[in-house]
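In our numbering, the protein residues as written are 199 to 544. First the structure, in the form of structure tokens, and then the observations on it.
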Ligand code: ASP
């Protein structure tokens, strides 16, 4: 149901959506928000209020990191009471990481936070930006007859799909269908109507209040295994003195080399207090370390199962948990818990 008194805050962080071509090199670079507004006269025709704010210096999303995530949370927390929903314009390259991080940094939301962007700049005639932006804005104000937001979650809307943000992965560098949510069903699909799958959408527990968190620790690493990865490479990473957490991208259902040298390196890292999370390199499916002998051996080192979490979400969750100073056992326990719908725990 469209509330005509509704109000959305549009937060422009950068990305292709607002970029223009550098006349000298021909490459795309971020420009300020006015360029974007000039190109979407349709915004004036929407029947609810849209206010806009922008990063002082819009960035290519490959320049996004914890400081920029904190800035987004600060903007939303400061404006939370004033708006019915929030739309974040963001580059596609790291949008899945930002969406994952924001889902941990903003919990018990009662209002939608929708990230979107585009593959072609908004000034291009064939741009996908206008549809993405306009539908994201509509989702941000959509409510049930009791005035409750349909989607009080951090989501990505792209092409025609609304996905839980911490379940998404960028899957294509050129296609308008740039994201997928392999291990969790789509929350809504936009065709002639926006069709919500209400039973899949996360709602805050009764009596909770929205929480905004800022602490993150980026002393983490992602190690993608490949056949032939050497002990030197692994040891070099595990010798980083400040390292606290590692997402270990393994094969298939969570398998890794079963030889003594590899397992000893992993076991040593775990015994130093490094939280090791096993995430599969496969786009979909889940880690189940008891399926194969090699998986069992890996499990015996103390590596914890990331189940069906994405790498993007696992690394953001580690930063969030380590940033909050939880003891090792609590980090392990919470990695095994669904904090924001990021993992299937039965
Ligand atoms: N490099 C751009 C970015 O992520 C790509 C995009 O927006 O699609 O900012």
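In this text, a Cβ means the ideal position worked out from N, Cα and C, and glycines have one as well. Every value quoted in this text rests on a predicted model; they were computed, and no experiment measured them.
- The beta carbon of residue 466 sits closer than 8 angstroms to those of 436, all from its chain and outside the five residues before and after it, given in chain order.
- DSSP places residue 510 within a helical segment (H, G or I) once states are collapsed to three.
- Annotation note: the segment 384–418 contains no uninterrupted alpha helix (DSSP H) run of length 4 or greater.
- In this structure, DSSP gives residue 487 a state outside helix and strand, which the three-state scheme calls coil.
- For residue 473, the enclosing beta strand (DSSP E) starts and ends at 473–478.
- The beta carbon of residue 283 lies closer than 6 angstroms to those of 206, 309, 310, 338 and 339 in the same chain, with the five residues before and after it left out.
- It is roughly 12 angstroms from the alpha-carbon of residue 395 to the alpha-carbon of residue 362.
- Using a Cβ-Cβ distance cut-off of 8 angstroms, the segment 468–481 and the segment 447–454 are in contact, since at least three pairs of beta carbons, one from each stretch, lie closer than that value.
- If you draw a 10 Å sphere on the C-beta of residue 442, you find 16 or more other C-beta atoms in it, and that means buried.
- In this chain, residue 431 is not harboured by any beta strand (DSSP E); it is covered by the alpha helix (DSSP H) spanning 429–436.
- Within a 10 Å sphere around the beta-carbon of residue 526 sit fewer than 16 other beta-carbons, which makes this residue exposed.
- Contact annotation: residue 313 and residue 238 have beta-carbon atoms that are not nearer than 8 angstroms.
- Residue pairing by DSSP places residue 332 opposite no residue, since no beta bridge is assigned to it.
- Collapsing the DSSP output to three states places residue 253 in a strand.
- In the three-state reduction of the DSSP assignment, residue 235 falls in the helix class.
- In the DSSP assignment, residue 305 is bridged to 409.
- With a cutoff of 8 angstroms on beta-carbon distance, residue 352 and residue 297 are scored as near each other.
- In the structure shown, the three-state DSSP call for residue 379 is coil.
- For residue 258, the shortest C-beta to heavy atom distance toward the ligand ASP is below 7 angstroms.
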